[in-house]
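Enquirer:
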Amino acid sequence: MAEIKDKLRFIDFRIKFAHIFLLFICSLIILYLFLLQIVDIRHYKVRAHNQRMTKSFIMRGAIVDRNGLRLASDETLFNVYAHKEYFDHTPKELAEILSPYLKVNKKHLEKTINKKVTVILLKKDIDRQTAEKIKKLGLREISLDKKNERVYPQDELAAHVIGYYNPDAGTAAGVELTAKSILEDVDNFEPVQRTPRGDLIYDTGTDPISAAVPKVGKTVTLTIDSAIQHVCERELLNMINEKHAKRGTVIVMNPKNGEILGYAVYPRYNPNNYKKTDAMHLKNWTLTDIYPPGSTFKTLTIAAGIESGKINASSKIMDTGKMQLGSWTIQNYDYHKHPHPGLINLIYLLEHSSNVGSANIALMMQPSEFYNILSALGIGKKSGIDLAGESSGLLPKPYKWDKSRHASMGFGYGASVTAMQMLSAVSALANNGVRVTPHVIKYSPEEEAEKVQYIQAISPNTARTVTQLLMESVANSKTALNLEKYSVAGKTGTSRKPLENGKGYSNDLYASVIAYLPASNPQILIYVVIDSASSGAVWGNTVAVPVFKEVATQCARILNIPPDKNVVE
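Here our numbering is used: the first residue of the sequence shown is 17, the next is one more, and so on.
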């Protein structure tokens, strides 16, 4: 009996212990819930608050040209949603009500509303006026989601400069990419709280005006002049069509401050429809692709020869018409007309575009001398323009130069450049030897000091000497490069296009001209390149120069540049 009583007491003890233990656990749970809900030990209130916090609706800033013409801006559009959990109307009734506003067939809209999902997208990208009309209907089951749509009112104008912006994928190009931080910079930015449906939650700290009014980013002003841009694009397109060319560019720059005034690139595209445009049209090949510049490079060869002290303005260079370097023959383009010019001056060299004369100047310099001056002029380096995707070009190290490469460097075949790089290099000749960073964004004085470099690439005397030589050679010519009212310093070029695999050259040609005016006080530098023209005679003089003449004449008129020639009316 005593043994049974002991067992019962033990069982009773265990039951009491279990009751106490369970009570203890329940107490802990109650305490935890108290702390969780009242004391908020894990900061759930903060987390809930943060979940409700959203950015105010931000509109991207506008992009305008130097005169304030709008080139890109945000337009507010709305997506319309139906929420099944809040339905006060049948799908048929909703379709009847919304069909006139959404401009969607009633039966099709009813079918959409009947989808077996909680939230149904009824229509994308409706305008603000339509959205306001739908709001006034007071439909509890309908919500409107606000979004930005980037629009480009000038369509294709300056497309490769402006670029495009995809808010859904977060991708961009052109100034839309490089100026992203400015375009999305807003003052006094304050997050707000919203419900899951997007309705604003007002608390004591909410500024009703700030919460309701969309935030707008800063405006970006370009250096581009739309009038000049239009002329560049029109003249380029005319020549592309006339000569059935594949690609082309016209770039107009102020060599004194690096501002790009016009920047036409073909193939072109419409940023409003960039999603339907193929990659080749979207690419700004003038920054990414490299090519042999041909005879326009002779301007830099002469500059290097003068800068190194190997030649001067009065030097005579032996021109044998053609020369043999190992198994490779260098020959002037007019060899059959002028087989042995003999000793020539630099004006004759430029006027007749002597390959042999240019090669001999190059060979006067040590490879390292020539390389260092070309490098100082920016060959083999990015120009630093404020657009993405720029290539460095190709300037081989001097220890890799054999005699044939060394000689060919003199007339534009040893190095490969981008169009922007070549423009930047020649700008130093037009600006007393100072190479200024080319740019398409107009900066404040403080920003310019940080972003725009002024580099003394060659001496002022060298730059002025080369300018005088170029001006005299153009004045002697009978081509359209010789303008009636303005003295012009420039050079044409025609170079063979490398094959896709990089081994050898195709039969396609680059026809180009680079020139600045007035030569006495350069205000504009113009570079024209036409790639693979296939109709008629294809030379710099016949393809690129006519474009230059029209662009230069119109630019001088638009900018009101005083003539520097005595013109008899």
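Just so you know, even glycine gets a beta-carbon here, dropped at the ideal spot from N, CA and C. Just so you know, these numbers come straight off a predicted model, no measurement behind them.
Considering only residues of the same chain and omitting the five flanking positions on each side of K149, which have a CB-CB separation below 8 Å?
Expert: Here residue 149 refers to the residue found at position 133 when the sequence shown is read from its first residue. So the list reads Y117, once near-sequence residues are dropped.
Enquirer: Between which two residues does the alpha helix (DSSP H) containing G509 stretch?
Expert: The residue you call residue 509 lines up with position 493 of the sequence shown. Here G509 belongs to no alpha helix (DSSP H); instead the beta strand (DSSP E) covers A505 to P514.
Enquirer: So K272 and N447 are in contact, right, with Cβ under 8 Å, and what is the actual spacing, rounded?
Expert: Working through the sequence shown from its first residue, we reach residue 272 at position 256. Working through the sequence shown from its first residue, we reach residue 447 at position 431. Right, the Cβ-Cβ distance comes to about 5 Å (below 8 Å), so this counts as a contact.
Enquirer: Give the DSSP-derived three-state secondary structure of I31 in the structure shown.
Expert: Along the sequence shown, one-based indexing puts residue 31 at 15. Reduced to three states, the DSSP call for I31 is helix.
Enquirer: Note down, one range per segment and in chain order, each alpha helix (DSSP H) of at least 4 residues found wholly within the segment 554-582.
Expert: Counting whole runs of 4 or more residues, the segment 554-582 contains the alpha helix (DSSP H) stretches 561-575.
Enquirer: Please classify I244 as buried or exposed, where buried requires at least 16 other C-beta atoms within 10 Å of its C-beta.
Expert: Here residue 244 refers to the residue found at position 228 when the sequence shown is read from its first residue. Its Cβ being crowded by 16 or more others within 10 Å, I244 is buried.
Enquirer: Using the C-alpha atoms, what's the distance from D547 back to N270?
Expert: The residue given as residue 270 occupies position 254 in the sequence shown. The residue given as residue 547 occupies position 531 in the sequence shown. Looking at the two C-alpha atoms, the distance is approximately 24 Å.
Enquirer: Helix, strand or coil: which one does DSSP assign to V96?
Expert: Counting from one through the sequence shown, the residue named residue 96 turns up at place 80. Reduced to three states, the DSSP call for V96 is strand.
Enquirer: What residue does the beta strand (DSSP E) around I334 start on, and which one ends it?
Expert: Within the sequence shown, numbered from 1, the residue matching residue 334 stands at position 318. Position check: residue 334 holds Met in this sequence, whereas Ile was assumed. It spans K332 to D335 - the beta strand (DSSP E) in which M334 sits, taken as one unbroken run.
Enquirer: In angstroms with no decimal places, state the Cα-to-Cα distance between I225 and V468.
Expert: Your numbering for residue 225 matches position 209 in the sequence shown. Your numbering for residue 468 matches position 452 in the sequence shown. In this prediction, I225 scores a pLDDT of 47, lower than 50, which makes its location untrustworthy; no coordinate-derived value is stated.
Enquirer: Between W555 and T237, what straight-line distance do the alpha-carbon atoms span, to the nearest angstrom?
Expert: As a working note, residue 555 is residue 539 in the sequence shown. As a working note, residue 237 is residue 221 in the sequence shown. The alpha-carbon atoms of W555 and T237 are separated by roughly 37 Å.
Enquirer: Does DSSP put V191 in a helix, a strand or coil?
Expert: Mapped onto the sequence shown, residue 191 falls at position 175. Correct three-state label for V191: helix.
Enquirer: At which residues does the beta strand (DSSP E) containing N289 begin and terminate?
Expert: One-based indexing of the sequence shown puts residue 289 at position 273. Careful: N289 lies outside any beta strand (DSSP E) and carries neither H nor E.
Enquirer: Whole angstroms are fine: how far does the CA of N328 sit from the CA of V232?
Expert: Counted from its first residue, the sequence shown places residue 232 at position 216. Counted from its first residue, the sequence shown places residue 328 at position 312. Each residue's Cα considered, the two are about 58 Å apart.
Enquirer: Pick from S331, T434, K338 and V529: whose alpha carbon is nearest that of L565?
Expert: The residue you call residue 565 lines up with position 549 of the sequence shown. With the sequence shown as reference, residue 565 is identified as Lys, and Leu is not the correct amino acid for it. Measuring from the Cα of K565, the nearest candidate turns out to be V529.
Enquirer: Report the rounded CA-to-CA distance for N576 versus P534, giving the unit in angstroms.
Expert: Here residue 576 refers to the residue found at position 560 of the sequence shown. Here residue 534 refers to the residue found at position 518 of the sequence shown. Each residue's alpha carbon lies about 12 Å from the other.
Enquirer: Considering Cα atoms alone, identify which of G509, L515, E500 and V561 is closest to K581.
Expert: Taking the first residue of the sequence shown as 1, we reach residue 581 at position 565. The residue with the shortest Cα to Cα distance from K581 is E500.
Enquirer: Around the C-beta of N537, are 16 or more other C-beta atoms found within 10 angstroms, so that it is buried, or is it exposed?
Expert: The residue given as residue 537 occupies position 521 in the sequence shown. With fewer than 16 Cβ atoms within 10 Å of its Cβ, N537 is classed as exposed.
Enquirer: I'd like to know whether the C-beta atoms of H297 and P287 end up nearer to each other than 7 Å.
Expert: Counted from its first residue, the sequence shown places residue 297 at position 281. Counted from its first residue, the sequence shown places residue 287 at position 271. No. Outside cutoff.
Enquirer: Would you call the segment 91-98 and the segment 137-154 touching, i.e. three or more CB-CB distances under 8 Å?
Expert: With a cut-off of 8 Å, the segment 137-154 and the segment 91-98 count as touching, because enough Cβ pairs lie within range.
Enquirer: The alpha helix (DSSP H) spanning L344 covers which residue range?
Expert: For the purposes of this step, residue 344 is identified with residue 328 of the sequence shown, where counting begins at 1. In the sequence under discussion, the amino acid at residue 344 is Trp, which differs from the Leu named in the question. Run containing W344: none in the alpha helix (DSSP H); it sits in the beta strand (DSSP E), W344 to Q347.
Enquirer: Three-state secondary structure (DSSP) at N361?
Expert: Along the sequence shown, read from residue 1 onward, the residue named residue 361 stands at position 345. In this structure, N361 counts as strand in the three-state DSSP scheme.
Enquirer: Could you check the C-alpha separation between S420 and L393 for me, to the nearest Å?
Expert: Your numbering for residue 420 matches position 404 in the sequence shown. Your numbering for residue 393 matches position 377 in the sequence shown. When rounded, the distance between both Cα atoms is 22 Å.
Enquirer: Can G426 and I346 be called in contact, C-beta distance under 7 Å?
Expert: Sequence index remark: in the sequence shown, residue 426 carries index 410 (1-based). Sequence index remark: in the sequence shown, residue 346 carries index 330 (1-based). No, these two residues do not count as a Cβ contact at 7 Å.
Enquirer: Looking at C-alpha atoms only, which residue of K397, G405 and L497 is the closest neighbour of K413?
Expert: Here residue 413 refers to the residue found at position 397 when the sequence shown is read from its first residue. Minimum Cα distance to K413 is reached at K397.
Enquirer: Terminal residues of the continuous alpha helix (DSSP H) containing T128?
Expert: Start at 1 with the first residue of the sequence shown, and residue 128 comes out as number 112. Note, T128: alpha helix (DSSP H), K122 to I129.
Enquirer: Contact between the segment 163-177 and the segment 32-47 is defined here as three or more beta-carbon pairs at a separation below 8 Å; is this criterion met?
Expert: Not touching, per the Cβ criterion.
Enquirer: DSSP three-state call for Y459: helix, strand or coil?
Expert: Position 443 of the sequence shown holds residue 459. Three-state DSSP puts Y459 in coil, outside helix and strand.
Enquirer: Quick check on this structure: which residue in H260, V266, K234 and N257 has the alpha carbon closest to the alpha carbon of H246?
Expert: As a position in the sequence shown, residue 246 is number 230, starting the count at 1. Considering only alpha carbons, the answer is V266.
Enquirer: Give me the DSSP bridge partner(s) of S242.
Expert: The residue you call residue 242 lines up with position 226 of the sequence shown. S242 is not bridged to any residue.
Enquirer: Can you grab the Cα-Cα spacing for the pair R480 / L445, in whole Å?
Expert: By 1-based counting over the sequence shown, the position of residue 480 is 464. By 1-based counting over the sequence shown, the position of residue 445 is 429. Cα to Cα, the separation comes out at about 7 Å.
Enquirer: For my contact list, V482 and A295 are in at a C-beta cut-off of 8 Å; report their separation, rounded to the angstrom.
Expert: The sequence position of residue 482 within the sequence shown is 466, counting from 1. The sequence position of residue 295 within the sequence shown is 279, counting from 1. Actually they are not in contact, since the Cβ atoms of V482 and A295 sit about 39 Å apart, beyond 8 Å.
Enquirer: Measure the CB-CB distance between L160 and A175 and report whether it falls below 7 Å.
Expert: For the purposes of this step, residue 160 is identified with residue 144 of the sequence shown, where counting begins at 1. For the purposes of this step, residue 175 is identified with residue 159 of the sequence shown, where counting begins at 1. Cβ distance not < 7 Å, so L160 and A175 don't count as in contact.
Enquirer: Please determine, among R156, T134, K162 and N130, the residue with the shortest C-alpha to C-alpha distance to P145.
Expert: The residue you call residue 145 lines up with position 129 of the sequence shown. Per the sequence shown, residue 145 should be read as Gln rather than Pro. The shortest C-alpha separation from Q145 is found at K162.
Enquirer: Where does the unbroken beta strand (DSSP E) through K314 begin, and where does it stop?
Expert: Sequence index remark: in the sequence shown, residue 314 carries index 298 (1-based). First-last for K314: K314 to E323, but that is the alpha helix (DSSP H), not the beta strand (DSSP E).
Enquirer: Within the same chain, show all residues whose beta-carbon is closer than 6 Å to that of S369, passing over the 5 residues directly before and after it, in chain order.
Expert: If you number the sequence shown from 1, residue 369 lands on position 353. Here the set comprises S311.
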